[in-house]
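Notes to accompany the following structure.
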Amino acid sequence: MIFSTPSYDIEEKDLHAALNAVVFESLFPISGGLGIIYLVISIGHVLLLPASLAPVMVSVALVTAGLLFGLRYLLRRKPISVRWSHPLGAFIAGLVLLNSLLHLYFLSDPQQTTNLLLLIIGVGCFFLSVRWLALIIGATVVGWLLIAWQALPSQSWIHFGFALFEAVALSVLVHGVRIKIFRRLEGLRMRDRLRKAELEGALIASDESRRNVEDSKHKLENTVQALQASQTYSQSIISNMLVGLIITDELGVIESVNPAVEKIFGYSHEELIGQHLKLLMPQPGTKKDREQFLKHAYLRSIGRITEWEGRRKSGEIFPFELSLFEFHTLEGRHFAGNIKDVSERREVDRLKKEFISTVSHELRTPLTSIRGSLSLLAAGVLGELPEEAQEVVTIAERNSVRLIGLINDILDLERLESGKLEMHFDVLEMAAILEKSVESVRGLAQQQEIALEVENTETKVYADGDRLVQVMVNLLSNAVKFSPEKSAITVTAEQKDRCVEVRVKDRGRGVPAEHRELIFERFRQVEASDSRQKGGTGLGLAICKAIIEQHNGIIGVESEEGEGSTFWIQIPSDHKSYYEFVQQSDRSSSNLTKERS
Amino acid sequence: MKILIIDDEDDIRRIARLGLARVGKMDVIDANGGAEGIRKAEDEKPDAILLDVMMPVMDGPATLNALKNNPATASIPVIFLTAKAMASEIERLKSLGALDVLTKPFDPMKLASQVRAVLEEK
């Protein structure tokens, strides 16, 4: 890997600030050192200068020393910005220049120019700014020229002027070299600082990265643990489910199964993985069959429970319930099937139905004798009976008829639920169905002076006429039974989208909310005494519901307690709607029933 | 009108006999099984036979078959009596050559009129 060397460009203002700092660091020792020198000079002045000059020069030297010590004190005590380093340096140089010029002026001795030479070289060594150096050198040269013009003999000008020129040149040279050296040194130092800062930054970042990595690792470990716990949890549930669970890819190839599947089908886990689902069906079929199978299964079983036939490893064909759902992972689309072996349940159902059928059938034979005997007795065919005997025989006959009705209802319901009741569908005029139905209950209604009002309708239904009449007779006779005397029952039939809605409205006691769904179940009546008082077997509405469902229709009731009930049915109006309802009713009929009822 | 009732249940035979004879004013003879029924049909030449479907030894369809294959009885109309009221069962029985099918439990007060109606219709 190639690493690029970072360039550390130093900005001029930063370098300038660094040079100011170098000068600033010199201020403290220089102000102190020069202060001491000027104290010594003051003593020298007292000892060496003539009495006429001594007071002035001593005073100047002492003031200078005082100012320098004051500056030193200031530098120690007060935080001063490095921006002030060159102005303060110029202040010190100014004090020295003033002393030197006063010596030159008052003593009128060209030798005093040496002080200025030292000053010029000194500031060359001190300043790191051309501007300030030029200012002090300029001031020194001008001051010397002014004093020399006024007070020095002309013959000394050349010598000391040349000396000044040499001092200035030396000062500029030293200054130039120092500037160069210090710029380089400060540049290096600053780059070094930047590099160090960068390294420290990198180290911090590295530490942070390490901590992040550790955090992430810790989190990952926690996540893995949680995932493992969750997996164990799910696996335990899946492994102990009584329901089989098969996961396949989108082509129906088995990816995983739970132990229940192994138990249901008799294949081991290893035998199933990689095989197509059709292996578990009665006919494994060709590749095309297998592709068609999943499409068919998808349409039929996705999101709902449907019954299929399966084949165990032993070859036994058995019924099972299947509910499919699909899910997606990074590997693609998968299907999961919940499988429940219902062979035992089906066998129990079959035995139960067979029992009901046999019992019902066997009951008919003795009932034929009982009912027949009672009919003959009640009709007086075998001779007139005493009044009380006639009454008792009439009761017995009525109840035998009721018992026969109950057996017929049980058989009807069993046949409807097992799909054994044959239906003969045709497009029928609803008006004719209603007329036939109303005619059947007219006698009963007239006994209670109940009016049967049937609104005209031109609707048509796709139905089994006899069965639809059976439903309507049941709804109408219920309405009559529960209507008050001299009230009215209204029957309407209206086209609604692709179905016909028939409504039977009575003015009876109504159906309490808690009973509105239950009354469509077998042997459910609003009042337990209804079957005795109102007649009926408690199976009428269950039969109606089963018949209407065979029509792919729905049945329900709307009611306000005390204000009557409206029983309604919706059935397809034509052949096409019937088959559309087949698909829809699979998905929504039960919901619709609940909503409406 | 002479009617032959073939049923293995004595009680049913009696009730049917009472209904047909007392209410319908018909001549009634009966037999307690297929074999006896065929013999009586040959001997008595009834106008119609009421034949139970479920009987031991020789059931209704077998009896009907024998009656139809016997030139002496082949023309006698046969009406089945059955406790199985399923439409498919009724159709099946009709397809065997029965004139019609009446279901149990029947009303003895109406039995004679039902038999007459079937015979007149056909």
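As given, the protein sequences belong to chains L and P, one line each in that order.
Position one of the first sequence corresponds to residue 921 (our numbering), numbered consecutively onward.
Position one of the second sequence corresponds to residue 31 (our numbering), numbered consecutively onward.
From the three backbone atoms N, C-alpha and C, an ideal C-beta is built for every residue, glycine too.
Query raised in the report: So does the segment 43–57 of chain P actually touch the segment 129–141 of chain P, counting three or more Cβ pairs closer than 8 Å?
Result: yes
Query raised in the report: Expressed to the nearest angstrom, what Euclidean distance is found between the alpha-carbon atoms of P/Ala78 and L/Val1391?
Result: Mapped onto the second sequence, residue 78 of chain P falls at position 48. Mapped onto the first sequence, residue 1391 of chain L falls at position 471. P/Ala78 and L/Val1391 have their C-alpha atoms spaced approximately 36 Å apart.
Report task. Identify the continuous beta strand (DSSP E) that holds L/Ile1225 and give its terminal residues. Result -> Residue mapping note: residue 1225 of chain L aligns to position 305 of the first sequence, counting from 1. Segment Ile1225 to Arg1231, the beta strand (DSSP E) holding L/Ile1225.
Query raised in the report: If L/Leu1021 sits next to L/Gly1063, beta carbons under 8 Å apart, how far is it from one beta carbon to the other, in whole angstroms?
Result: Walking along the first sequence from the start, residue 1021 of chain L turns up at place 101. Walking along the first sequence from the start, residue 1063 of chain L turns up at place 143. The pair is a contact, with the Cβ atoms about 5 Å apart (cut-off 8 Å).
Query raised in the report: Can you tell me whether DSSP reads L/Gly1472 as helix, strand or coil?
Result: Taking the first residue of the first sequence as 1, we reach residue 1472 of chain L at position 552. Reading off the sequence, residue 1472 of chain L comes out as Asn, not Gly. Of the three classes helix, strand and coil, the one that applies to L/Asn1472 here is coil, per DSSP.
Report task. Alpha carbon to alpha carbon, how far is L/Tyr1187 from L/Met1343? Give it in angstroms, no decimals. Result -> Taking the first residue of the first sequence as 1, we reach residue 1343 of chain L at position 423. Taking the first residue of the first sequence as 1, we reach residue 1187 of chain L at position 267. In a straight line, the C-alpha of L/Met1343 is about 41 Å away from that of L/Tyr1187.
**Report entry** Neighbouring residues, chain P, relative to L/Gly1460 (Cβ below 8 Å)
**Finding:** Within the first sequence, the letter at position 540 stands for residue 1460 of chain L. Per Cβ cutoff of 8 Å: no residues; L/Gly1460 is ~18 Å from chain P at best.
Query raised in the report: Whose Cβ in chain L lies nearer than 7 Å to the Cβ of P/Ser125?
Result: Along the second sequence, one-based indexing puts residue 125 of chain P at 95. What P/Ser125 touches in chain L: nothing, since even the nearest Cβ is about 15 Å away.
Requested in this report: Report the neighbours of L/His1471 on chain P: residues whose CB is nearer than 7 Å to its CB, in chain order.
Outcome: For the purposes of this step, residue 1471 of chain L is identified with residue 551 of the first sequence, where counting begins at 1. The contacting residues do not exist; L/His1471 stays about 17 Å from chain P at best.
Query raised in the report: What are the residues that DSSP puts in a beta bridge with P/Asp38?
Result: For the purposes of this step, residue 38 of chain P is identified with residue 8 of the second sequence, where counting begins at 1. Listed as beta-bridge partners of P/Asp38 by DSSP are no residues whatsoever.
Query raised in the report: First and last residue of the alpha helix (DSSP H) that includes P/Leu123?
Result: One-based indexing of the second sequence puts residue 123 of chain P at position 93. Ala117 to Ser125 is the extent of the alpha helix (DSSP H) around P/Leu123.
Requested in this report: Figure out for me which residue from L/Val1088, L/Gly1096, L/Glu1118 and L/Thr1412 has the closest Cα to the Cα of L/Thr1034.
Outcome: The residue you call residue 1034 of chain L lines up with position 114 of the first sequence. Out of L/Val1088, L/Gly1096, L/Glu1118 and L/Thr1412, L/Val1088 has the C-alpha closest to the C-alpha of L/Thr1034.
Requested in this report: Measuring alpha carbon to alpha carbon, tell me which of P/Asp82, P/Arg44 and P/Pro91 ends up nearest P/Asp37.
Outcome: As a working mapping, residue 37 of chain P is identified with position 7 in the second sequence. Distances from the alpha-carbon of P/Asp37 to those of P/Asp82, P/Arg44 and P/Pro91 put P/Asp82 closest.
Query raised in the report: In chain P, which residues lie with their C-beta within 9 Å of the C-beta of L/Arg1318?
Result: Taking the first sequence and counting its residues from 1, the one referred to as residue 1318 of chain L is at position 398. Chain order gives no chain P residues near L/Arg1318, where near means a beta carbon separation below 9 Å; the closest approach is about 13 Å.
Query raised in the report: First and last residue of the alpha helix (DSSP H) that includes L/Glu1311?
Result: Walking along the first sequence from the start, residue 1311 of chain L turns up at place 391. Counting along the chain, the alpha helix (DSSP H) containing L/Glu1311 begins and ends at Glu1307 to Ser1338.
Query raised in the report: Going along the chain, which residues of its own chain have a beta-carbon closer than 8 Å to the beta-carbon of L/Asn1511, five neighbours each way excluded?
Result: Counting from 1 along the first sequence, the entry for residue 1511 of chain L is found at position 591. The pLDDT assigned to L/Asn1511 is 34, lower than 50, so where the model puts this residue is not dependable, and the model offers no usable value.
Query raised in the report: Quick one: is P/Val87 near chain L, going by C-beta distance under 7 Å?
Result: On the second sequence, residue 87 of chain P is found 57 positions in, with the first residue counted as 1. So, not an interface residue.
Query raised in the report: Using a beta-carbon distance cut-off of less than 7 Å, what residues from the segment 1282–1294 of chain L approach chain P?
Result: Arg1284, Thr1285, Leu1287, Thr1288, Ser1289, Arg1291, Gly1292 and Ser1293
Query raised in the report: According to the neighbour-count rule (16 or more other Cβ atoms, all chains shown, within 10 Å of its Cβ), is L/Lys1215 buried or exposed?
Result: In the first sequence, the residue the question calls residue 1215 of chain L occupies position 295. Exposed, by the Cβ-count rule.
Query raised in the report: L/Leu1296 CB to nearest chain P CB: under 7 Å?
Result: Counting from 1 along the first sequence, the entry for residue 1296 of chain L is found at position 376. Output row for L/Leu1296: interface = yes.
Query raised in the report: Hey, how far is the Cα of L/Arg1111 from the Cα of L/Leu947?
Result: The count along the first sequence starts at 1 and reaches residue 1111 of chain L at position 191. The count along the first sequence starts at 1 and reaches residue 947 of chain L at position 27. If I take the Cα positions, the gap works out to 25 Å.
**Report entry** DSSP three-state assignment for L/Leu1250, whether helix, strand or coil
**Finding:** Counted from its first residue, the first sequence places residue 1250 of chain L at position 330. L/Leu1250: coil per DSSP, three-state reduction.
Report task. Answer yes or no: do L/Asn1178 and L/Leu1165 have a C-beta to C-beta separation smaller than 7 Å? Result -> The residue labelled residue 1178 of chain L in the question sits at position 258 within the first sequence. The residue labelled residue 1165 of chain L in the question sits at position 245 within the first sequence. Yes, Cβ-Cβ distance for L/Asn1178 and L/Leu1165 is below 7 Å.
Query - CB of P/Ala142 within 7 Å of CB of P/Gly67, strictly - result: Along the second sequence, one-based indexing puts residue 142 of chain P at 112. Along the second sequence, one-based indexing puts residue 67 of chain P at 37. Their beta carbons are not under 7 Å apart, which means P/Ala142 does not touch P/Gly67 by this criterion.
Requested in this report: Step through the CB atoms of chain L and report whether any lies within less than 7 Å of the CB of P/Ile79.
Outcome: In the second sequence, residue 79 of chain P corresponds to position 49, counting from 1. No, P/Ile79 lies away from the interface with chain L (no Cβ there is under 7 Å from its Cβ).
Query raised in the report: Closest to P/Ile33 by CA distance: which of P/Asp40, P/Gly90, P/Ala104 and P/Lys70 is it?
Result: Your numbering for residue 33 of chain P matches position 3 in the second sequence. Closest option to P/Ile33, Cα to Cα, is P/Lys70.
Report task. Indicate the three-state DSSP secondary structure (helix, strand or coil) for L/Val1389 in the structure shown. Result -> Within the first sequence, residue 1389 of chain L is the residue found at index 469, counting from 1. Helix.
Query raised in the report: Taking three-plus beta-carbon pairs below 8 Å as touching, is the segment 1298–1312 of chain L in contact with the segment 1237–1252 of chain L?
Result: no
Query raised in the report: P/Met139 touches chain B at which residues, Cβ-Cβ below 8 Å?
Result: Of the chains in the structure shown, none is chain B; the protein chains are L and P.
Query - Of the residues L/Thr1285, L/Ser1001, L/Asn1394 and L/Ala1399, the one placed nearest L/Ile1370, counting alpha carbons only - result: On the first sequence, residue 1370 of chain L is found 450 positions in, with the first residue counted as 1. Among L/Thr1285, L/Ser1001, L/Asn1394 and L/Ala1399, the Cα nearest to that of L/Ile1370 is on L/Ala1399.
Report task. Could you list which residues in chain L have their beta carbon closer than 7 Å to that of P/Val53, in chain order? Result -> For the purposes of this step, residue 53 of chain P is identified with residue 23 of the second sequence, where counting begins at 1. Going along chain L in sequence order, the residues near P/Val53 (Cβ under 7 Å) are Val1301.
Report task. List the DSSP bridge partners of L/Asn1258. Result -> Taking the first sequence and counting its residues from 1, the one referred to as residue 1258 of chain L is at position 338. In DSSP, L/Asn1258 forms a bridge with L/Leu1165 and L/Ser1243.
Query - Coarse secondary structure for L/His1196, derived from DSSP in three states - result: Here residue 1196 of chain L is taken as the residue at index 276 of the first sequence, counted from 1. In this structure, L/His1196 counts as strand in the three-state DSSP scheme.
Query raised in the report: L/Pro1239 and L/Val1268: beta carbons closer than 7 Å?
Result: The residue you call residue 1239 of chain L lines up with position 319 of the first sequence. The residue you call residue 1268 of chain L lines up with position 348 of the first sequence. In this structure, L/Val1268 does not lie closer than 7 Å to L/Pro1239 by Cβ.
Query raised in the report: Roughly how far, in whole angstroms, is the beta-carbon of L/Met1350 from the beta-carbon of L/Val1422, given that I think they are within contact range, below 8 Å?
Result: As a first step, residue 1350 of chain L is located in the first sequence; it is residue number 430 there, counting from the start. As a first step, residue 1422 of chain L is located in the first sequence; it is residue number 502 there, counting from the start. Right, their Cβ atoms sit about 7 Å apart.
**Report entry** Option in P/Val131, P/Asn99 and P/Gly127 with minimal Cα separation from P/Ile120
**Finding:** Start at 1 with the first residue of the second sequence, and residue 120 of chain P comes out as number 90. Comparing Cα positions, the closest option is P/Val131.
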